[in-house]
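S.K.:
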Amino acid sequence: MCDLLRINTDRGVMIGDGKSRFSINGKPIYHFVGTSTFSEYTVMHVGCVAKINPEAPLDKVCVLSCGISTGLGASINVAKPPKGSTVAIFGLGAVGLAAAEGARIAGASRIIGIDLNANRFEEAKKFGCTEFVNPKDHNKPVQEVLAEMTNGGVDRSVECTGNINAMIQAFECVHDGWGVAVLVGVPHKDAEFKTHPMNFLNERTLKGTFFGNYKPRTDLPNVVELYMKKELEVEKFITHSVPFTEINKAFDLMAKGEGIRCIIRMEN
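Position 82 of the sequence shown, counting from 1, maps to 82 under UniProt numbering, and the rest follow consecutively.
(1) Excluding the 5 residues preceding and the 5 following Y41 in the sequence, name in chain order all residues of the same chain whose CB lies nearer than 8 Å to its CB.
(2) Counting along the chain, where does the beta strand (DSSP E) carrying E159 start and finish?
(3) On a Cα-Cα basis, can you pick out the residue from I29, K189, T205 that is closest to T195?
(4) Leaving aside the five residues before and after A166 along the sequence, list all residues of the same chain whose C-beta is less than 6 Å from its C-beta, in chain order.
(5) Do you know offhand how far V61's Cα is from A108's?
(6) Give the C-beta separation of L220 and S65 to the nearest angstrom, bearing in mind that I take them to be a contact with Cβ-Cβ under 8 Å.
(7) Considering only their Cβ atoms, is the gap separating S69 from G212 smaller than 8 Å?
(8) According to DSSP, simplified to helix, strand and coil, what is R120?
(9) Please report the residue range of the beta strand (DSSP E) in which F132 lies.
(10) Near G249, what residues of its chain come up, given a Cβ to Cβ distance below 6 Å and the 5 sequence neighbours on each side ignored?
(11) Return the bridge partner residues of V174 from the DSSP annotation.
(12) What is the rounded straight-line gap between the Cα of K230 and the Cα of L201?
(13) Indicate whether the contact test is met: 3 or more Cβ pairs, each with one atom in the stretch 171-178 and one in the stretch 119-126, closer than 8 Å.
(14) S241 by DSSP, collapsed to three states: which one?
(15) Can you give, in chain order, each stretch of the alpha helix (DSSP H) that sits fully within the stretch 207-240 and has at least 4 residues?
(16) When we look at the beta-carbon of residue 272 and count the other beta-carbons within 10 Å, is it buried (16 or more) or exposed?
(17) Does the distance from the CB of M228 to the CB of E55 come in under 8 Å?
(18) Measuring CB to CB, does L97 end up less than 8 Å from G71?
(19) Am I right that S39 and A88 are in contact with their C-beta atoms under 8 Å? What's the rounded C-beta distance?
(20) Looking at the secondary structure, which residues open and close the alpha helix (DSSP H) in which S65 lies?
(21) Would you identify the three-state DSSP class for G71, choosing helix, strand or coil?
(22) Please classify F32: is it buried, with 16 or more other beta-carbons within 10 angstroms of its beta-carbon, or exposed?
(23) Could you please give the first and the last residue of the uninterrupted beta strand (DSSP E) stretch that includes A50?
(24) Could you tell me the boundaries of the beta strand (DSSP E) in which L183 lies?
(25) If the criterion is Cβ atoms closer than 8 Å, does the pair F237 and A94 meet it?
(26) Would you tell me roughly how many angstroms separate the C-alpha atoms of E225 and G67, rounded to the nearest one?
(27) In terms of alpha-carbon separation, which member of T130, T245, E246, V223 lies closest to N53?
(28) In chain order, what residues of the same chain have a beta carbon less than 6 Å from the beta carbon of E203, not counting five sequence neighbours either side?
Shown next as structure tokens:
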């Protein structure tokens, strides 16, 4: 993780002078997560810029950072599921579906998607999910359901919801002795992760990750190459496209869970 950028993204200003490069009517507009991409032109620190293959279509590969890379890397780089293993994915939004895609690429044989939105299940098959669990369909904790499905627990789990209960479930559903849980979602600032210490003593492993353990400047070009080589299908993540004047429609689609990724086109 880059300390230089990590300590600055919440401040909304440039690292060099602590000021914003945007304003309206004399009042500053702060930088969003170091990129401010909801604008036709932007100013950012060089650490936030990656040079990619000039042949790559920008209207496709723009979705790789950060959600898709985050989920993809959480599986490939952090969870590292062995070939033939069983992986549980908590949350089937764009990040979770990317995590499922990463598990598929890694060679997992069973990929179990967990989500409260049943409409996600059919879509998730395109990303490698082989089975689905809706916690609302069961009268027991989902970690118990998964343990029964997998003879004691999954080999790997990736949590992509930010819900603290899902985070705990993702950890407690992995198998004793070798199970690894990876937390990707960002919880509420006051949330507390509570689990019995025996879950650690039984040699379960808990990890967290930011941006899928990719280094953006050096690794993002390689993710683009996965797409260029047709090893990663980006198009299936893109469900909608709207002009910038309809940006609120894009947010509505996201809030309602009706899309995976929506491209916002900067048009005159």
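All C-beta atoms in this analysis are idealised placements derived from N, C-alpha and C, irrespective of residue type, glycine included.
M.R.: To lay it out plainly:
(1) In the sequence shown, the residue the question calls residue 41 occupies position 41. Residues of the same chain with a CB within less than 8 Å of the CB of Y41, apart from the 5 flanking positions on each side, do not exist.
(2) Start at 1 with the first residue of the sequence shown, and residue 159 comes out as number 159. Secondary structure note for E159: its beta strand (DSSP E) is the uninterrupted segment 156-159.
(3) Translated into the one-based positions of the sequence shown, residue 195 becomes position 195. Each of I29, K189, T205 was checked against the Cα of T195, and the nearest Cα belongs to T205.
(4) Reading the sequence shown from its first residue, position 166 is the one you call residue 166. In the same chain as A166, and ignoring 5 residues on each side of it, the C-beta atoms closer than 6 Å to its own belong to F90, E159, in chain order.
(5) Taking the first residue of the sequence shown as 1, we reach residue 61 at position 61. Taking the first residue of the sequence shown as 1, we reach residue 108 at position 108. Whole-angstrom Cα-Cα distance: 25 Å.
(6) As a first step, residue 220 is located in the sequence shown; it is residue number 220 there, counting from the start. As a first step, residue 65 is located in the sequence shown; it is residue number 65 there, counting from the start. At roughly 6 Å, the Cβ-Cβ gap stays under 8 Å, so L220 and S65 are in contact.
(7) As a first step, residue 212 is located in the sequence shown; it is residue number 212 there, counting from the start. As a first step, residue 69 is located in the sequence shown; it is residue number 69 there, counting from the start. Closer than 8 Å, so yes.
(8) In the sequence shown, the residue the question calls residue 120 occupies position 120. R120 falls in the helix class under three-state DSSP.
(9) One-based indexing of the sequence shown puts residue 132 at position 132. F132 -> beta strand (DSSP E) spans 131-133.
(10) For the purposes of this step, residue 249 is taken as the residue at position 249 of the sequence shown. Position check: residue 249 holds Lys in this sequence, whereas Gly was assumed. Closer than 6 Å at the Cβ level, and outside the excluded window around K249, lie V242.
(11) Residue mapping note: residue 174 aligns to position 174 of the sequence shown, counting from 1. Answer is V154.
(12) Translated into the one-based positions of the sequence shown, residue 230 becomes position 230. Translated into the one-based positions of the sequence shown, residue 201 becomes position 201. The alpha-carbon atoms of K230 and L201 are separated by roughly 42 Å.
(13) By the Cβ criterion, the stretch 171-178 is not in contact with the stretch 119-126, since fewer than three pairs of Cβ atoms, one from each stretch, lie closer than 8 Å.
(14) To locate residue 241, count along the sequence shown from 1; it is residue 241. Reduced to three states, the DSSP call for S241 is strand.
(15) Qualifying alpha helix (DSSP H) stretches, in chain order: 216-228.
(16) The displayed coordinates of the chain run from 1 to 268. Any statement about residue 272 would go beyond what the structure contains.
(17) On the sequence shown, residue 228 is found 228 positions in, with the first residue counted as 1. On the sequence shown, residue 55 is found 55 positions in, with the first residue counted as 1. A contact, by the Cβ cut-off of 8 Å.
(18) For this step, residue 97 is matched to residue 97 along the sequence shown. For this step, residue 71 is matched to residue 71 along the sequence shown. Judged by their CB atoms, L97 and G71 are nearer to each other than the 8 Å cut-off.
(19) On the sequence shown, position 39 is the one that residue 39 refers to. On the sequence shown, position 88 is the one that residue 88 refers to. Contact flag wrong, Cβ pair sits at about 38 Å.
(20) Locating residue 65 in the sequence shown gives position 65, where the first residue counts as 1. Premise fails: S65 is in no alpha helix (DSSP H) and is neither H nor E.
(21) To locate residue 71, count along the sequence shown from 1; it is residue 71. Correct three-state label for G71: helix.
(22) For the purposes of this step, residue 32 is taken as residue 32 along the sequence shown, with counting starting at 1. The residue in question, F32, is exposed, as its Cβ has fewer than 16 Cβ neighbours within 10 Å.
(23) For the purposes of this step, residue 50 is taken as the residue at position 50 of the sequence shown. That residue, A50, is in no beta strand (DSSP E); it is neither H nor E in DSSP.
(24) Taking the first residue of the sequence shown as 1, we reach residue 183 at position 183. Start and end: 180-183.
(25) Sequence index remark: in the sequence shown, residue 237 carries index 237 (1-based). Sequence index remark: in the sequence shown, residue 94 carries index 94 (1-based). Cβ atoms of F237 and A94: closer than 8 Å.
(26) By one-based count along the sequence shown, residue 225 stands at place 225. By one-based count along the sequence shown, residue 67 stands at place 67. Taking the straight line from one Cα to the other gives about 17 Å.
(27) Here residue 53 refers to the residue found at position 53 of the sequence shown. Selected option, being the one with the closest Cα: V223.
(28) Translated into the one-based positions of the sequence shown, residue 203 becomes position 203. Only G177 meet the Cβ criterion.
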